[in-house]
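S.K.: After the structure tokens below, expect a handful of questions from me.
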Amino acid sequence: MSNVRVLVGTRKGAFLLTSDGKREKWDVSGPFFAGWEIYHMKGSPVDPNRIYASQNSSWSGQVIQRSSDGGKTWETPGGGPQMGPGGFPVGESNKFVYDTSAQTGKPLTTHQFYDGTQHPWEFKRVWHLEPSLSDPDTVYAGVEDAALFRSTDGAHSWQELSGLRGHGTGPKWQPGAGGMCLHTVILDPKDPGRIYIAISSAGAFRTDDGGATWKPINKGLRSTYIPDPDAEVGHCVHHVAMNPSRPGVLFMQKHWDVMRSDDAGDSWHEVSGNLPTDFGFVIDVHAHEPETIYVVPIKSDSEHYVHEGKLRVYRSRTGGNEWEALTNGLPQSNCYVNVLRDAMAVDSLDSCGVYFGTTGGQVYASPDAGDSWAPIVRDLPAVLSVEVQTLP
Amino acid sequence: MIRVELPAHLRTLAHVNTEVRLEIAGPATQRSVLDALEARYPMLRGTIRDHVTLQRRPFLRFFACEEDLSHEPPDAPLPDPVASGKEPFIIIGAVAGG
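For the record, the sequence lines run as chains R and A. Under the numbering used here, the first sequence is numbered contiguously, ending at residue 395. Under the numbering used here, the second sequence is numbered contiguously, ending at residue 412.
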């Protein structure tokens, strides 16, 4: 029988939750990296024992951790006492330096700041780690201030894919309240050259040549909180999800509005339908039913908690517009938690499991595609991210 | 021999339980101590000072001999008791809570 391993990043460390295919009884291990913010952890699809973690603190900045044994032990890649030429340490797994080389042909130095002035790019943290679909040593990092980096040596060293910032709209990007973060990285399983990313507050972008050149893919997004609601960039995209069997179909939870694209992001249309509120952060797609999608509506952008004090996952089996509330096993009174953008995941067992974590420290699991839910843990620090690995 | 005290999170990251003892070639300064510290514990690079600018991270301070040395020039000599190993060079995180 297959097993599942849920990777949970929290405000104060990482936790691993494991179970067999029934997903009824769980073992909890952690905290790993106690006291540090773990923005994201994700395992390699081709080597599940290889897991990458983004570790951060306001005091000591960014650290990248890597496990090669399924999370039992961790290392900072190259962080041991190794010396390179000239006696300098090798392995700078936390060194994210923006590309300002002449080869890019652009200075790449500023973006729009809160006050409307231009502001230099400053690295702050890694929001999302996306391991390659084919090589366990290759991994992408979406960072704040928004940029995409790639490592091909197991996170020892990082190089920016500077064509993203350099394609021309960079000076119009601006930070949202949570910072100017590149939080979503989606690799197309059928086209190795195609990558989707999303940035708050700039929008979604796509490359078709492995990251050399990029274009905004925001046509159809409408954001009334920016001067030009239909602008090419400037939209606060919260998350984007894709079913690997249909990589041209994308679903987006925007600041407000749930959106859908059937042409790889070239155009979008709204599918919020009968949701009680279309503000939210997470969105995900069923592992086997590409028209079944999940969101957790949040009351508003000024009240970052669930609507009416009820924790409800909404599921659409029609690719949007028609939504049903999933409440079985979830608190339906006096609940005021949020579910952050990277805090939902699905496994690939025959009966698709759905998982999400809350800012209240609960991690809920549904072994039946959302029909029923139960908490795996209730009292963790605020959950920042949830990923799941389906293990043989 | 220079003694360096690290904050708890950085001791964990460097896999050390107590203060670190370093041999410094030449004058003991903030820069030479941090260079030696990062050479011996590469996982600390970027966690005390920025990778590129080498500026001290804002929420960390450098104390020694009951003085705050955080704003001293990086190449200024450290106090004699630090250079001789009598007193530690203390890297400390800003207090936060509520």
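Every residue, glycine too, gets a C-beta built ideally from N, C-alpha and C.
Given a limit of 7 Å on CB to CB distance, which residues of the stretch 324-335 of chain A reach chain R?
M.R.: The residues in question are L324, L327.
S.K.: Rounded to whole angstroms, how far is the Cβ of A/P402 from the Cβ of A/E319, which I believe are closer than 8 Å?
M.R.: The Cβ separation is near 5 Å, so the contact holds.
S.K.: State the DSSP-derived secondary structure class of A/S346, mapped to helix, strand or coil.
M.R.: Of the three classes helix, strand and coil, the one that applies to A/S346 here is helix, per DSSP.
S.K.: Taking 8 Å as the threshold (beta carbon to beta carbon), is R/P92 in contact with chain A?
M.R.: Its pLDDT being 41, under 50, R/P92 is placed unreliably in this model, and the coordinates cannot settle the point.
S.K.: Tell me whether the stretch 323-337 of chain R and the stretch 260-279 of chain R touch, counting them as touching only if at least three CB pairs, one residue from each stretch, are closer than 8 Å.
M.R.: They touch, by the three-pair rule.
S.K.: Kindly provide the ranges of any beta strand (DSSP E) runs that are 3 or more residues long and lie completely inside the stretch 182-226 of chain R, ordered along the chain.
M.R.: Here the runs fully enclosed are 184-190, 198-203, 206-210.
S.K.: Inspect the beta-carbon positions of R/V391 and R/V349 and report whether they are closer than 8 Å.
M.R.: For R/V391 and R/V349, yes; Cβs fall inside 8 Å.
S.K.: Quick one: measure Cβ to Cβ for R/I286 and R/I301, integer angstroms, because I've assumed they're closer than 8 Å.
M.R.: R/I286 to R/I301, Cβ: 12 Å. No contact.
S.K.: Is there a C-beta anywhere in chain R that falls below 8 Å from the one on A/G340?
M.R.: No, A/G340 does not count as interfacial toward chain R.
S.K.: Whole angstroms is fine: what's the gap from R/E163's alpha carbon to R/L151's?
M.R.: The alpha-carbon atoms of R/E163 and R/L151 are separated by roughly 6 Å.
S.K.: Can you give me the start and stop residues for the alpha helix (DSSP H) that R/R168 sits inside?
M.R.: First-last of the alpha helix (DSSP H) with R/R168: 166-169.
S.K.: What is the residue span of the alpha helix (DSSP H) that A/V322 lies within?
M.R.: For the record, residue 322 of chain A in the displayed sequence is Ala; it is not Val. Looking at the DSSP string, the run of the alpha helix (DSSP H) that includes A/A322 is 322-328.
S.K.: According to DSSP, simplified to helix, strand and coil, what is A/L396?
M.R.: It should be pointed out that residue 396 of chain A corresponds to Val in this sequence rather than to Leu. Reduced to three states, the DSSP call for A/V396 is helix.
S.K.: Using DSSP with H/G/I as helix, E/B as strand and the rest coil, what is R/K45?
M.R.: If DSSP states are grouped into helix, strand and coil, R/K45 belongs with the strands.
S.K.: What does the alpha-carbon distance come out to for the pair R/I379 and R/S270?
M.R.: Spanning the two alpha carbons is a distance of roughly 38 Å.
S.K.: Sorted by chain position, which residues of the same chain lie with C-beta nearer than 7 Å to A/R345's C-beta, five sequence neighbours on each side aside?
M.R.: The answer, listed in chain order, is P388, D389.
S.K.: In chain A, what lies closer than 7 Å to R/G38 by C-beta?
M.R.: Under the 7 Å cutoff, chain A gives H323.
S.K.: Alpha carbons only, please: which of R/G364, R/T321, R/G181, R/D374 is nearest the one belonging to R/C338?
M.R.: Cα-wise, what sits closest to R/C338 is R/G364.
S.K.: If we count Cβ pairs, one from each stretch, closer than 8 Å, do we get three or more for the stretch 334-341 of chain A versus the stretch 73-83 of chain R?
M.R.: No: fewer than three Cβ pairs fall under 8 Å.
S.K.: Step through the CB atoms of chain R and report whether any lies within less than 8 Å of the CB of A/L320.
M.R.: Not one chain R Cβ lies under 8 Å of A/L320.
S.K.: At what residues does the beta strand (DSSP E) containing R/T295 begin and finish?
M.R.: Where R/T295 is concerned, there is no enclosing beta strand (DSSP E), given that its DSSP letter is neither H nor E.
S.K.: For chain A, check one thing: does any of its Cβ atoms lie closer than 8 Å to the Cβ of R/P88?
M.R.: Note that R/P88 scores a pLDDT of 47, beneath 50, so its modelled location is shaky; the value from the coordinates is reported in the next line. Closer than 8 Å: no.
S.K.: Mind reading off the beta-carbon distance from R/A377 to R/A368? Whole number of angstroms is fine, and I expect it under 8 Å.
M.R.: That belief holds up - the Cβ atoms of R/A377 and R/A368 are roughly 6 Å apart, short of 8 Å.
S.K.: Under 8 Å Cβ-Cβ, which residues of chain R neighbour A/R417?
M.R.: In the structure as shown, chain A begins at 315 and stops at 412. Residue 417 of chain A is therefore absent and cannot be evaluated.
S.K.: Could you please give the first and the last residue of the uninterrupted beta strand (DSSP E) stretch that includes R/V342?
M.R.: Run containing R/V342: none; DSSP gives neither H nor E here.
S.K.: Any C-beta of chain R sitting closer than 8 Å to the C-beta of A/H385?
M.R.: By this cut-off, A/H385 is not an interface position.
S.K.: Would you identify the three-state DSSP class for R/G312, choosing helix, strand or coil?
M.R.: The answer is helix: DSSP assigns R/G312 an H, G or I state.
S.K.: DSSP has R/G12 in a bridge; who is on the other side?
M.R.: Answer is R/A17, R/S388, bridged to R/G12.
S.K.: With DSSP run on the structure shown, which of helix, strand or coil describes A/E333?
M.R.: Reduced to three states, the DSSP call for A/E333 is coil.
S.K.: So is A/L368 buried or exposed if we call it buried at 16+ other beta carbons inside 10 Å?
M.R.: Exposed, because fewer than 16 other Cβ atoms sit within 10 Å of the Cβ of A/L368.
S.K.: So, do the stretch 163-180 of chain R and the stretch 110-119 of chain R have three or more beta carbon pairs nearer to each other than 8 Å?
M.R.: Yes, the stretch 163-180 of chain R is in contact with the stretch 110-119 of chain R.
S.K.: Could you compute how far the alpha carbon of R/P139 sits from the alpha carbon of R/S154?
M.R.: Near 10 Å, if we compare the C-alpha coordinates of R/S154 and R/P139.
S.K.: Closer than 8 Å by beta-carbon distance: list the chain R residues that pair up with A/M315, in chain order.
M.R.: In chain order: nothing, as chain R lies at least about 18 Å away.
S.K.: Among the candidates R/T141, R/S60, R/R168, whose CA atom is the shortest distance from the CA of R/A149?
M.R.: The candidate whose alpha carbon is nearest that of R/A149 is R/R168.
S.K.: Can you look up R/A56 in the DSSP assignment and give me helix, strand or coil?
M.R.: Of the three classes helix, strand and coil, the one that applies to R/A56 here is strand, per DSSP.
S.K.: Where does R/K28 land, buried or exposed, given buried means 16+ other C-beta within 10 angstroms?
M.R.: It counts as exposed.
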